[in-house]
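Visitor:
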Amino acid sequence: MQRISLDAAQPGMTVAKPVMNEAGVVLVGAGTQLTEATIEKLKSLDIASIIVKGRPIETGVPEKPLEQVYAELDERLSLVAGDALCNQIKEHIKKDLRIRREEGS
C-alpha cells in the first residue's frame with residue numbers, strides 16, 4: 157500500500173483503504189478501481205491523498221530488507237528487551253510489517 161497525493165492518482169489504480177470525508181462517511185470503498193471521474197469527484201471534495209494498492213509511485217528511496225528493519229526495531233527497543241509486554245508488542249509489529257510487505261504495502 158502507498159499513500160499518494162490525489163494529484164498523482166491515475167485511472168486504473170486500486171484503492172487499498174476506504175476514502176472517507178471528515179465526518180467518516182465512506183466516499184470510495186477499498187478495492188475500487190479509480191476512474192477519471194472518481195478522481196475528479198474526490199478533488200472537488202477536497203480530498204488531498206488516498207491509499208492505493210502496491211507502490212505505484214517511485215519515491216527514489218529503496219525499500220530496506222525486512223531483516224534490516226527487524227534489526228533496527230530490536231535495537232530501538234533494546235532497553236526494554238526484558239519486558240514481556242514490550243516483547244509482545246515488538247513481535248506484533250514484526251508480524252504486521254511482514255504482512256504489509258507481503259501485501260505490497
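FYI, our numbering numbers position 52 of the sequence shown as 208, with every residue one higher than the one before it.
A virtual CB, placed ideally from N, CA and C, is assigned to each residue, including glycine.
(1) Kindly confirm or deny that the stretch 190-200 and the stretch 230-240 touch, where touching means at least three C-beta pairs closer than 8 Å.
(2) To the nearest angstrom, how far is the alpha carbon of L190 from that of V208?
(3) Check Q189 in the structure and name its three-state DSSP category.
(4) Out of I249, M169, R159 and I206, which has the shortest C-alpha to C-alpha gap to N177?
(5) Taking the beta strand (DSSP E) that R159 falls in, what are its first and last residues?
Guide: Judging by the given coordinates:
(1) no
(2) 9 Å
(3) strand
(4) I206
(5) Q158 to S161
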